[in-house]
Amino acid sequence: SVLVAAMDDEDPEVRTRAFGLLVRLYGEGDYTSHYAAQKELKKLATSQHVLAERARTALQEEPVLTWILRNGGLCELDPEAAEISIVTVKLDRTRGVDPLFYRDQLHDYDYVRLSELPELRSLTLENRHALTDEGLRWIARFRNLRALNLSGTHLRGSGLRHLAELPRLEALYLNNCRRFELQHYALLPALSTLEVLHAVASVDGWQNDDLWARSLQGVVSSNAQLVRHGTHQLAEYRGGIGDEQLVHIGK
Numbered sequence: 465s466v467l468v469a470a471m472d473d474e475d476p477e478v479r480t481r482a483f484g485l486l487v488r489l490y491g492e493g494d495y496t497s498h499y500a501a502q503k504e505l506k507k508l509a510t511s512q513h514v515l516a517e518r519a520r521t522a523l524q525e526e527p528v529l530t531w532i533l534r535n536g537g538l539c540e541l542d543p544e545a546a547e548i549s550i551v552t553v554k555l556d557r558t559r560g561v562d563p564l565f566y567r568d569q570l571h572d573y574d575y576v577r578l579s580e581l582p583e584l585r586s587l588t589l590e591n592r593h594a595l596t597d598e599g600l601r602w603i604a605r606f607r608n609l610r611a612l613n614l615s616g617t618h619l620r621g622s623g624l625r626h627l628a629e630l631p632r633l634e635a636l637y638l639n640n641c642r643r644f645e646l647q648h649y650a651l652l653p654a655l656s657t658l659e660v661l662h663a664v665a666s667v668d669g670w671q672n673d674d675l676w677a678r679s680l681q682g683v684v685s686s687n688a689q690l691v692r693h694g695t696h697q698l699a700e701y702r703g704g705i706g707d708e709q710l711v712h713i714g715k
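Heads up: the sequence shown at position 117 corresponds to 581 in the working numbering, and the numbers run straight through without jumps.
This is the structure in structure tokens:
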């Protein structure tokens, strides 16, 4: 009904007020209202109506902070910065009663929106199942990124090559990445600034007894100077550490 009023050609005042309400629902409404308003704005934007250009503008002007909150994200500001500066973004799907009930709505290119945050230092994308290895090339645009949490994603590992473009990356979290292929640990040496790597698996994430040892071998053989590797969690999930694993830990 709001869209019908917004397209009213007989009463410009009604049309303007209805369009303003549509934009407000898009920018400030709850989850359901936002996507309903977005759908209607897209209809208007692709029409030949006099408000089509304004609708296209409205769709392009959603502030990045609104976009983050709209997708269930959280932000942290730099307390020492004179101006508002977002340094931490959490777009993980870990909060709520059943955060994985709905299909992941964010895809690779969506993360380009975060390039509007030049001071971004920490990014959490835990359980973002729609993120692909190729999508990490968009993450590589965040040049000040120091910590990246990709735990619970469906990455296979080839996208690590893109992360070599991050000159300040210090911490990488790959916990419970059940589709991660171990040979891609060979890409770690390119992450020359990496200091922290967590690659913990859940109980059903381990396929055979020597997987843990091979995982450690891949990390230790790299040139990355790791200060910790989540080994206490690995020990808990595997139920013990053998002599061969201790050799690699000792290195």
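Cβ coordinates follow ideal geometry from the N, Cα and C atoms, glycine included.
- Secondary structure at THR588: strand, using DSSP grouped into helix, strand and coil.
- Sixteen is the threshold: when 16 or more other Cβ atoms of the shown chains lie within 10 Å of the Cβ of HIS626, as they do, the residue is buried.
- Excluding five sequence positions before and after VAL528, the CB atoms of its chain that fall closer than 6 angstroms to its own CB belong to ARG577, GLU580, given in chain order.
- For the set ARG534, HIS571, LEU619, GLY714, the Cα lying nearest the Cα of GLN502 is the one of ARG534.
- Collapsing the DSSP output to three states places ILE550 in a strand.
- Closest option to SER656, judged by alpha-carbon separation, among ARG642, LEU614, ARG610: ARG610.
- By the neighbour-count definition (other C-beta atoms within 10 Å, threshold 16), THR558 is an exposed residue.
- Residue pairing by DSSP places ALA635 opposite ALA611, VAL660 in a beta bridge.
- Between the alpha carbons of TYR649 and HIS513 lies a gap of roughly 54 angstroms.
- Contact check for ASP562 and LEU595: beta-carbon distance about 20 angstroms, past the 8 angstroms limit, so the pair fails to qualify.
- Taken through DSSP and simplified to helix, strand or coil, GLU598 comes out as coil.
- Beta bridge pairing from DSSP links LEU538 with LYS554.
- Assigned with DSSP and collapsed to three states, PHE606 falls in coil, not helix or strand.
- Per DSSP, HIS513 lies in no alpha helix (DSSP H) and is assigned neither H nor E.
- Separation of SER549 and LEU541 (C-alpha to C-alpha, rounded to the nearest whole angstrom) is 5 angstroms.
- Per DSSP, reduced to three states, the secondary structure at PHE483 is helical.
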